[in-house]
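Per UniProt numbering, the sequence shown runs over residues 1 to 137.
Note sheet for the following structure.
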Amino acid sequence: MIVGGLFLLGTVATAPVYRYTSTRRQNFTASPIHFGVALLVLFTAAVHFYLYFEHGEQIMALAGLGFLGGIGLFFIDVNRLYLYGVGILYTAVQILLWITDGMPHVGSFGLIDKVVQVLLIIALGFLLLRHRQRARH
């Protein structure tokens, strides 16, 4: 319930940014996979905020803000090639830190969050490769 509420809050918070930026720029494009990535990011951010509120772990709030910041950067049209690469690294570091910390919260949302993060890395990798291929042609 809390994760759903946080997810909805993140969606509501990013919608005005999308609306403003997409109407102000003619070059802005977002495909269904971009929105899929945004949903994955919103989910993992919501899990991190949930863990912050439940356990008081400040690092979780910072991680959640980092993911939301990535969505904001996407919608203000930061160089996507760099954004995809940094997103892959940021998410991979999240997974590595989780493993080295002993895989906490496996019983609650820890494991499903990491599955979502692996899917996020795959989707960002696909977008990165597609962006590079289009830049060559």
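Yeah, the Cβ is synthetic: ideal placement off N, Cα and C, and Gly gets one too.
Practice prompt. Give the single residue among Gly125, Gly102 and Ser108 whose Cα lies nearest to the Cα of Tyr90.
Written response: Gly125
Fill in: When Ala63, Pro32 and Gly56 are compared against Trp98, the one with the closest alpha-carbon
Ala63
Worksheet item: Given a threshold of 16 other Cβ atoms within 10 Å of its Cβ, counted over all protein chains shown, does Leu129 qualify as buried or as exposed?
Response: exposed
Worksheet entry | Residue burial classification, Leu120 (beta-carbon count within 10 angstroms, cutoff 16) | buried
Discussion item. By alpha-carbon positions, which one of Leu96, Leu81, Gly107 and Val106 ends up nearest to residue 145?
Written reply: Any question about residue 145 goes unanswered here, given that the chain covers just 1 to 137.
Fill in: Per-residue DSSP class, three states only, for Thr29
coil
Practice prompt. Please state whether DSSP places Ile88 in a helix, a strand or coil.
Written response: helix
Worksheet item: So what does DSSP say about Val78, is it helix, strand or coil?
Response: coil
Practice prompt. Report the option in Ile76, Leu68 and Asp77 whose CA atom is closest to the CA atom of Leu39.
Written response: Leu68
Item to complete: For Asp113, name the three-state secondary structure that DSSP assigns.
Response: helix
Discussion item. What would DSSP say about Gly102, mapped onto helix, strand or coil?
Written reply: coil
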